[in-house]
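Take a look at the structure below.
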Amino acid sequence: MTTETKTGFDENAFEAFLASRHDEPQWLIERRKEAWAAYNELPFPNSRMEEWRRTDMRAFSLDRFAPPASTTDLPVPAGVFTERFTAA
Numbered sequence: 036m037t038t039e040t041k042t043g044f045d046e047n048a049f050e051a052f053l054a055s056r057h058d059e060p061q062w063l064i065e066r067r068k069e070a071w072a073a074y075n076e077l078p079f080p081n082s083r084m085e086e087w088r089r090t091d092m093r094a095f096s097l098d099r100f101a102p103p104a105s106t107t108d109l110p111v112p113a114g115v116f117t118e119r120f121t122a123a
């Protein structure tokens, strides 16, 4: 059995990713949408930007990336959900 992984990171992939996240709280979905909007508003880095002037962006292609396909729950290490003031 093979599993096809959709590549590319565009509006359709983002919407499919959101649709696959069944049990997420509404605040997290809204935060993801805000992050997507910010990503779309930012200019793509280029060599004229000081922070990126020594980075060759020609090899960077969003077509090689995809949102995570699995929503499998992973075990949470002990202490992760401990109240921040009682963890110290």
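If you're matching positions, the sequence shown starts at 36 in the working numbering and goes up one per residue.
Just so it is clear, CB atoms sit at the ideal spot from N, CA and C, and this is done for glycine as well.
Alpha helix (DSSP H) segment containing residue i, residue limits
i: F116; result: Neither: F116 is in no alpha helix (DSSP H) and is coded neither H nor E.
i: R56; result: No alpha helix (DSSP H) holds R56; DSSP gives it neither H nor E.
Beta carbon of residue i nearer than 8 Å to that of residue j
i: F95; j: F44; result: no
i: M92; j: N81; result: yes
i: R67; j: L77; result: no
Whole-Å CB distance - residue i paired with residue j, under 8 Å assumed
i: P110; j: F49; result: 27 Å between Cβ atoms; not a contact.
Residue i CB to nearest heavy atom of the ligand HEM below 7 Å
i: I64; result: The ligand HEM is not among the ligands present in this structure, which contains no ligands whatsoever.
- Query: Touch check for the region 56–71 and the region 83–99: three-plus C-beta pairs under 8 Å?
  - Reply: no
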